[in-house]
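Numbering (this note's numbering), first residue to last: 72 to 210. In this text, a Cβ means the ideal position worked out from N, Cα and C, and glycines have one as well.
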């Protein structure tokens, strides 16, 4: 078997992977711009941020180190006052139940819930607009 064919396939895989990574970075940058605009508008309108809580894999609710706004009714995603995009279903145990969880932002998508099965999917801009209009309960 020729190594040229294998090298060509390996190179094709690398190129596709690099293109996909670049597309994800562009999407995250565009989504981050929407989030930054949302945070400024929420502050301008006086939409108060709330303490963000996360759900452990066993269903228990724990405090986190963040404040911000829930963007989904089921409280599985939030935007922090720091402009971060947070997935709120996390792995944890007794330590998180006792002391709370430290959550880290993830790259924001332009489409919330893409590939999900819970029915609450759509454009990030629409989710952010719902928060600003008071359609997503924060308390």
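Identify, in the order they occur along the chain, each residue of the same chain with its Cβ nearer than 7 angstroms to the Cβ of residue i, setting aside the five sequence neighbours on each side.
i	result
residue 180	98, 102 and 195
On the CB-based measure, 16 or more other CB atoms within 10 Å of its CB, does residue i come out buried or exposed?
i	result
residue 170	exposed
residue 143	buried
residue 47	The structure shown does not extend to residue 47, since the chain spans only 72 to 210, so no value can be given for it.
What residue range is occupied by the uninterrupted alpha helix (DSSP H) comprising residue i?
i	result
residue 201	195-203
Only counting the same chain, and skipping five residues up and downstream in sequence, which positions put a Cβ closer than 8 angstroms to that of residue i?
i	result
residue 164	127
residue 204	none
Less than 6 angstroms between C-beta atoms, sequence neighbours within five positions excluded: which residues of the same chain meet that for residue i?
i	result
residue 136	173
residue 73	Caution is warranted here: a pLDDT of 48 is assigned to residue 73, below 50, making its placement in the model unreliable, and the coordinate value is therefore given only provisionally. Nothing meets the Cβ criterion.
residue 178	99
Any alpha helix (DSSP H) of 4 or more consecutive residues that is wholly inside the region 102-175: 165-170
Sufficient close CB pairs (3 or more, under 8 angstroms) joining the region 105-122 to the region 144-153: yes
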